[in-house]
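I have placed the structure first, in the form of structure tokens, so that the comments after it can refer back to it.
Number of protein chains: 2
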Amino acid sequence: MRLLPHPATEDIELTEVLRALSDPVRLQIALRLSVAGEMNCTTAGDDLGVHKSTASHHYRTLREAGVVLTKQEGRLKYMSLRRADLETRFPGLLDAVLSAAALHEAQAARDQRVAADAPAGRPSGVEAHAPV
Amino acid sequence: MRLLPHPATEDIELTEVLRALSDPVRLQIALRLSVAGEMNCTTAGDDLGVHKSTASHHYRTLREAGVVLTKQEGRLKYMSLRRADLETRFPGLLDAVLSAAALHEAQAARDQRVAADAPAGRPSGVEAHAPV
DNA sequence: CAGAATGTTTGATGCCCATCAAACTGACGT
DNA sequence: ACGTCAGTTTGATGGGCATCAAACATTCTG
Chain A
39 MRLLPHPATE DIELTEVLRA LSDPVRLQIA LRLSVAGEMN CTTAGDDLGV HKSTASHHYR
99 TLREAGVVLT KQEGRLKYMS LRRADLETRF PGLLDAVLSA AALHEAQAAR DQRVAADAPA
159 GRPSGVEAHA PV
Chain B
39 MRLLPHPATE DIELTEVLRA LSDPVRLQIA LRLSVAGEMN CTTAGDDLGV HKSTASHHYR
99 TLREAGVVLT KQEGRLKYMS LRRADLETRF PGLLDAVLSA AALHEAQAAR DQRVAADAPA
159 GRPSGVEAHA PV
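Line by line, the protein sequences are chains A and B. Each number in the numbering used here corresponds to the 1-based position in the first sequence with 38 added. Each number in the numbering used here corresponds to the 1-based position in the second sequence with 38 added.
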């Protein structure tokens, strides 16, 4: 079992983590990892709608930002969130991001069902602006 | 007193917010706003080390992402964090980011003092890796 | 050993972004 | 009106990033 190169906990940078999580595909990967714990890359990347080389690029970005830990076992690679390290360095951050992402995903799924039920309906209350 | 165009609370997107805060300059602006409350752009952008047009670009990015609210009063523009809106949409997120940024900034300042005291010293414990 | 499975690496492409400089706009003071 | 102040807009530039396709490396299996 080999470990790929990762940044040390104290070298994880806030802006890098935020940038890593600001991509929809990578956020989705992180969300899946938070639900399923350890996953291999194929499982994590299934149905992401991107080419496998693109997914591989995202795995690397997440790893180099310090968001995930990757270890190789045989011909498979397993990723997991660096929960403890991130909690040490940026308390509450990962949970806040993942909770928000989970809610957002649930809402998106709801919107899609509504759109399927009433394809010509209004766009789900987006016109009710109240920016102040 | 005029209000500039902003996204509605329910239209603020997580990935946009994360991307907006993943730039060091914008994170610094957000941090200043969190300490000082409402600020005009000149005050907020002082000593950021970027050209005023670059700063203006960052103000717009923060506004369009839904992070700040901008209102114009005479020839000045005042920005403030959309704390309540962000808390509604992404509970705990902004506080986690700002706390982490504040700590990180304090650490950076400490590192700089240490570097000034011992310019040829070791690079402040970076060699103590413990990635597992 | 041959072949399949699991990712990674290497171009190539197109887009977006951070930055600066210079011109511009809108409001205020004299 | 004239000049100034505060900030925006408009190129221009350079760099990075997301994506795909194709070739590659490594490991397991028949």
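Backbone N, C-alpha and C define an ideal beta-carbon position, used for all residues, glycine too. None of the values given here were measured: they were computed from a predicted structure.
Span separating the alpha-carbon of residue i from that of residue j
| i | j | result |
| --- | --- | --- |
| threonine 99 of chain A | aspartate 149 of chain A | 30 Å |
| histidine 96 of chain B | leucine 69 of chain B | 14 Å |
| valine 73 of chain B | aspartate 133 of chain B | 12 Å |
| alanine 144 of chain B | glutamine 66 of chain B | 12 Å |
| leucine 107 of chain B | serine 60 of chain B | 18 Å |
| valine 152 of chain B | alanine 146 of chain B | 10 Å |
| proline 43 of chain B | leucine 42 of chain A | 46 Å |
| lysine 119 of chain A | histidine 142 of chain A | Per the sequence presented here, residue 119 of chain A reads as leucine, with lysine not at that position. Computed Cα separation, rounded: 20 Å. |
| threonine 53 of chain A | alanine 139 of chain B | 9 Å |
| alanine 101 of chain B | glycine 87 of chain B | In the sequence as presented, alanine is not what sits at residue 101 of chain B; that position holds arginine. Using only the alpha carbons, I get a separation of about 20 Å. |
| alanine 82 of chain A | proline 62 of chain A | 14 Å |
| lysine 90 of chain A | glutamate 48 of chain B | 33 Å |
| glycine 112 of chain A | aspartate 84 of chain A | 20 Å |
| arginine 121 of chain A | threonine 92 of chain A | 24 Å |
| serine 94 of chain A | aspartate 155 of chain A | 36 Å |
| threonine 80 of chain B | threonine 80 of chain A | 49 Å |
Close beta carbons around residue i, own chain, < 8 Å, minus the five adjacent residues each side
| i | result |
| --- | --- |
| valine 55 of chain B | Ala103, Gly104, Val105, Leu124, Phe128, Leu131 |
| leucine 136 of chain A | Ala68, Leu69, Ser72 |
| glutamate 76 of chain A | Tyr116, Met117, Ser118 |
Counterpart residues of residue i in DSSP-defined beta bridges
| i | result |
| --- | --- |
| glutamine 110 of chain B | B:Arg40, B:Lys115 |
Amino acids of chain B, ordered along the chain, whose beta-carbon sits closer than 7 Å to that of residue i
| i | result |
| --- | --- |
| aspartate 85 of chain A | Neighbours of aspartate 85 of chain A on chain B: none; closest Cβ ~19 Å, over 7 Å. |
| histidine 142 of chain A | Leu52 |
Close Cβ partners of residue i (< 7 Å) along its chain, the five nearest in sequence each way excluded
| i | result |
| --- | --- |
| asparagine 78 of chain B | Leu114, Lys115, Tyr116 |
| alanine 58 of chain B | Arg64, Thr99, Leu100, Ala103, Val105 |
Contacts that residue i makes with chain B (C-beta to C-beta distance below 8 Å)
| i | result |
| --- | --- |
| glycine 130 of chain A | Gly130, Asp133, Ala134, Ser137 |
Cβ neighbours of residue i in the same chain (closer than 6 Å, five flanking residues each side left out)
| i | result |
| --- | --- |
| glutamine 110 of chain B | Arg40 |
| isoleucine 50 of chain B | Gly104, Arg127 |
| alanine 45 of chain B | Looking at the sequence provided, one finds proline at residue 45 of chain B rather than alanine. Hits under 6 Å: Gly104. |
Partners in chain A for residue i, counting only beta-carbon separations shorter than 9 Å
| i | result |
| --- | --- |
| serine 60 of chain B | Leu52, Thr53, Glu54, Val55, Leu56, Arg57, Ala58, Leu59, Ser60 |
| leucine 65 of chain B | Leu52, Thr53, Leu56 |
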